[in-house]
Each structure stands twice: as C-alpha cells, then as structure tokens.
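K.L.:
Taken in order, these protein sequences are the chains called A and G.
For our numbering, count along the first sequence from 1 and bump the result up by 3.
For our numbering, count along the second sequence from 1 and bump the result up by 242.
Backbone N, C-alpha and C define an ideal beta-carbon position, used for all residues, glycine too.
Just so it is clear, the structure is predicted and the values come from calculations on it, not from any experiment.
Structure incoming, see below.
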Amino acid sequence: MSELGRRARELLKELKSYGPGTLSPYNEELVRLIFSEIDEHNAQTEAIVSELRRKQAEAEAEGATPQQEVDEMTATTMCLHYECIKRNKRLLLIYMNERMQRLKEMRWTLRALPEAQKARCCQSEIQFYNEYSRALQTYMSKSEGVGMDLTLDTRPPKDTFVNVRGLKDAGEVILSYGRATVLVGTTISLPAEEAEPLLRDGTVELVDWDDGFGRNCS
Amino acid sequence: MTDYWNLDAALAEETTVPLRFKFGVAGVARVLEPGSTANDISAGTKVEAPLWLSAALSRRGMASMSAPEMYSERYRRKINAGAECMNLKGRAPYFYDVGNKCNEFMQDLTLSAFLSRTYATRYRELVSKGLSTVSGEDMLELQSKLSLEELSVFEAGRSSVARAEMWSRGARLRTAAAAAPSRKRASARGDAEGREPRQRVEG
C-alpha cells in the first residue's frame, strides 16, 4: 500500500543531512521503490476507472441511462492517488535537480570531481558531469571558445606571477618550476594560476607589493 | 513555500496537520490512520495527514484542514508568554512556513498576527542578541532553539558581522572567499577591496 510519499521524504532528508557541497550516496534502492509506489497509485486509479466503466456498461445493457457522475468518495480517492503521484514526482525531481546543481558547483569551485564524491554518483550523474565539464572546457578553449579559464581568478591578475604568504603549514607543494615549502609567514612567488587553488582553500593569502613605480598596486 | 524546486519548502510540507474528510476515502485507512482495522475511511473522520495532501484536498473541497497543535490556543498562550524560551527546532522546525500555509486556508487574522509577533520577539531576543554572543556554548544552545527559517537569518547575520569586522581591521576576506567562491561574490569582493586600506609588505 502507498505510504504517502514517506520514502521520497526519506530520500530528501538524506540528501539534506549531507549539507551543501557534498553529495549523499545515490540511493538507487529508494528511487526504485518510489517508482514502484507511483506505479501502484496508477494501478489503483486505473482499477477504479475500469470498475466505473464496467458499471456503466452494465447499466447500458440493462437499458437504463448510464450514470456519468461518480460519487464523492471515489472522487476523493482518485484525487488522493493523483496527489500522491504528483508529490512523488516533485520530490524525485527536486532530488535529481539538487544533485545536479551540486555537481555543477563542484566543477566551478573544485575544477574536478573528487573521487569520494564520484563514488556516490550514479552512472548517469557521472555522465552528466563529464559532458558538462566538456561543454565548459570547449567554451573556455582557445580554438572554439573564449580562450580563458573562467574558473580561475577571483580577482583580475596584475601580473603572471603573484606573491603569496602562507597562512598555515601546508608542507611542500609542487609547482611547475620546482618545489616550494609553505610555512606560516613564508612568502613565495608563483604563477597566478597555480596560486589560485591555494588561495581558495585558505592555505595562503595574497600579498600586494609595490615595485616602486606604482605599477603593481591594486 | 511556492518554489517547486526548493528542498526546504518540500520538506516543510511534510508536516502533518489534522484533516477531516467530508466524504471518506477508499483503501487508504491503514496508512492515514495507524491502527485502524477497516480499509476505508468513512466520511467525517479526522486523521493526521501531511500538509501537501491536506492542502490539495482542501482546495478541491473534499476535506477541511486545520492548523497543527503548535498553533492552538494553548501553545499560543505559551509562546506569547515567552516566545524566546520556546524550542522551535525540536517542535516545529518550519514554524513560519507551515503557519503561513495553513493560514491560506483558514484566513485567521489572529494567526498571522500571532506569527509576526512571535517572529518579532524571537528576532529581537534571539537572533540579534546571538550575533554579539561570544561563547561557543551559548551559540550552540541558541542554534538548537531556532527554527530553520530563523537559523538561515541568523547564519546570514553572523557571516555579515564577520565580514564587517574583517573590513574594519583592513584585512582581506580570503577565508570568506574560500568558503564560498562564487563568481558573483568574487566581483563584489573586488569592489570592496578597492576601498580598504591596503597592507603592503616588501616582496
């Protein structure tokens, strides 16, 4: 028997409990159960309709005028099933949409799908992510698109190299020209696009410096 | 509560409300009325149904819903006596959303007045006071009391207080950017930084 969308509610609660920025494991089992619940509601509605048809046909066979009206109780029952179907559909759509938004958000902020999150996606979500990622990449590519990495640069760069100061001990980081050790207070100079991920996770902060000609002031 | 795609709005509609059927329903008694032995619900039966179902059936005139206990005279007296003492998170996490939705059907002016009065008191006593609270323990206690709507107001207030403090110290909002590096915020931050006193360090 139907459970008035109880399963769909559990599904959403599970996703909500994981908070923004992470995904809950894709609950295939529950989604399948919700689909079967919708089927069940549909079957019951159809049963009511065919029962009514049968009664009408009987009345016609007896020569009486067929009754077009249905009694209120049947109408309420049908509405109840209908609302349950609509509700389940809405909650499923919210579930899918919310996960899709979080995947997109990850593409923009993390620039890649972390393995831990990837393991929680279903097959079509991974496919969506890959295609979205490819579309974005094409848009940002030199040959077909704007030729800029749009996920970079929270502020416009003044120079290709920037100076950053360590805010926490992150140990050794590997840069394109070699290695550098990030400790609290050390200042290093590195290419802007390599600095960006470090700036985002709060390991380092940007240091402004004046070259004496006022060229590098922000 | 009108946004179809909103997760919280959908969850708020799961709150159960008392619902009285005008004509009865066939075949769902065991779900709506736990412990019932019959299959059908007879006309005039009162059950606890989720808000979304109650609202849909009430709109069609097939049933009539009333507000949950939380908005009853007894609770109203309790809340009026000390709105800031009530733990809404445990009892009614979507206190205002559900109240407003119920009111659409009941058109009870006293209920809307009650809701706005409760919000005003709680905002003054809890949310705005909480923004200057320093102790972590008080903060936790406070957060366990607020309804989810109040909590989001509170969180927004707290982050803006943090940003204002950061601004007055002349530091850069790096941590804020790391927490939510959206494109929009990034450009807004760039503007704000232009006005800040700059910190210069020899490179």
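Run through the DSSP bridge pairs and tell me what Glu290 of chain G is partnered with.
P.N.:
Paired residue(s): G:Pro260.
K.L.:
Quick one: Cα of Ala422 of chain G to Cα of Ser358 of chain G, how far?
P.N.:
Since pLDDT at Ala422 of chain G reaches only 41, below the 50 mark, its modelled position is unreliable, and no value is offered.
K.L.:
At a CB distance below 8 Å, what residues from the region 75 to 86 of chain A approach chain G? Give them in sequence order.
P.N.:
Listed by position along the chain: Glu75, Met76, Thr77, Ala78, Thr79, Thr80, Cys82, Leu83, Glu86.
K.L.:
Can you list, in chain order, the residues of its chain whose CB lies under 7 Å from that of Gly8 of chain A, leaving out five sequence neighbours each side?
P.N.:
Excluding positions up to five away in sequence, the list reads Cys87, Arg90, Asn91, Leu94.
K.L.:
Quick check: what's the CA-CA separation for Glu383 of chain G versus Tyr365 of chain G?
P.N.:
One C-alpha to the other measures close to 16 Å.
K.L.:
Compile a chain-ordered list of the residues in the region 88 to 109 of chain A whose CB is closer than 7 Å to at least one CB of chain G.
P.N.:
So the list reads Arg90, Arg93, Leu94, Ile97, Asn100, Glu101, given in the order they occur along the chain.
K.L.:
Could you please give me the residues that DSSP links to Val267 of chain G through a beta bridge?
P.N.:
Val267 of chain G pairs with G:Ile283.
K.L.:
Using the beta-carbon count (16 or more within 10 Å), is Gln47 of chain A buried or exposed?
P.N.:
By the neighbour-count rule (16 or more Cβ atoms within 10 Å), Gln47 of chain A is buried.
K.L.:
Between which two residues does the alpha helix (DSSP H) containing Asn248 of chain G stretch?
P.N.:
Here Asn248 of chain G belongs to no alpha helix (DSSP H), and DSSP marks it neither H nor E.
K.L.:
List, in chain order, every chain A residue whose beta-carbon is nearer than 8 Å to that of Phe263 of chain G.
P.N.:
Those are Thr79, listed as they occur along chain A.
K.L.:
Rounded to the nearest angstrom, how far is the Cβ of Leu299 of chain G from that of Glu255 of chain G, given a contact under 8 Å?
P.N.:
That belief does not hold up - the Cβ atoms of Leu299 of chain G and Glu255 of chain G are roughly 13 Å apart, past 8 Å.
K.L.:
Spatial neighbours of Leu178 of chain A within its chain, please: C-beta separation below 8 Å, excluding the five flanking residues on both sides.
P.N.:
Correct list, in chain order: Leu193, Pro194, Glu197.
K.L.:
Could you confirm whether any beta carbon from chain A is found closer than 8 Å to the beta carbon of Trp409 of chain G?
P.N.:
Judged by the 8 Å Cβ criterion, Trp409 of chain G is not in contact with chain A.
K.L.:
Buried or exposed for Pro276 of chain G, going by 16 or more other Cβ atoms inside 10 Å?
P.N.:
Exposed.
K.L.:
List, in order along the chain, the chain G residues whose C-beta lies closer than 8 Å to that of Arg12 of chain A?
P.N.:
The answer, in chain order, is Leu253, Glu256.
K.L.:
Is the region 129 to 137 of chain A touching the region 103 to 120 of chain A, taking contact as three or more C-beta pairs under 8 Å?
P.N.:
The region 129 to 137 of chain A vs the region 103 to 120 of chain A: in contact.
K.L.:
Which term fits Arg416 of chain G, buried or exposed, when burial requires 16 or more other beta carbons within 10 angstroms of its beta carbon?
P.N.:
Confidence is the limiting factor: at Arg416 of chain G the pLDDT is only 46, short of 50, which leaves the residue's position unreliable, though a coordinate-based value still follows. Result: buried.
K.L.:
What does Arg302 of chain G touch in chain A if you count any residue whose Cβ is under 9 Å from its own?
P.N.:
Result: Ala78, Thr79, Cys82.
K.L.:
Do three or more CB pairs link the region 57 to 69 of chain A to the region 137 to 154 of chain A at distances below 8 Å?
P.N.:
No, they do not touch.
K.L.:
Evaluate contact between the region 256 to 266 of chain G and the region 296 to 311 of chain G, counting only Cβ atoms and requiring at least three cross-stretch pairs below 8 Å.
P.N.:
A contact exists between the region 256 to 266 of chain G and the region 296 to 311 of chain G.
K.L.:
I need the DSSP call for Gly22 of chain A, collapsed to helix, strand or coil.
P.N.:
It is coil, neither helix nor strand.
K.L.:
With H, G and I counted as helix, E and B as strand and the rest as coil, what does DSSP make of Thr48 of chain A?
P.N.:
Helix.
K.L.:
Would you mind telling me which residues of chain A sit closer than 9 Å to Ala404 of chain G, beta carbon to beta carbon, in chain order?
P.N.:
Going along chain A, no residue has its Cβ under 9 Å from Ala404 of chain G, so there is no contact; the nearest lies around 14 Å.
K.L.:
Could you spell out the range, first to last residue, of the alpha helix (DSSP H) harbouring Leu209 of chain A?
P.N.:
No alpha helix (DSSP H) contains Leu209 of chain A, which is instead part of the beta strand (DSSP E) from 207 to 210.
K.L.:
State yes or no: is the beta carbon of Gln47 of chain A nearer than 8 Å to at least one beta carbon in chain G?
P.N.:
Yes, Gln47 of chain A lies at the interface with chain G (some Cβ there is under 8 Å from its Cβ).
K.L.:
State yes or no: is the C-beta of Tyr313 of chain G within less than 8 Å of the C-beta of Gly341 of chain G?
P.N.:
Against a cut-off of 8 Å, the Cβ pair of Gly341 of chain G and Tyr313 of chain G comes out as a contact.
K.L.:
Hey, quick one: how far does the alpha helix (DSSP H) through Val340 of chain G stretch, first residue to last?
P.N.:
From DSSP, the alpha helix (DSSP H) with Val340 of chain G extends over 337 to 348.
K.L.:
In its own chain, which residues sit with a C-beta less than 6 Å from the C-beta of Ser424 of chain G, not counting the 5 before and 5 after it?
P.N.:
Unreliable positioning characterises Ser424 of chain G in this predicted model, as indicated by a pLDDT of 41, which lies under 50. The coordinate reading is nonetheless provided below. Contacts found: none.
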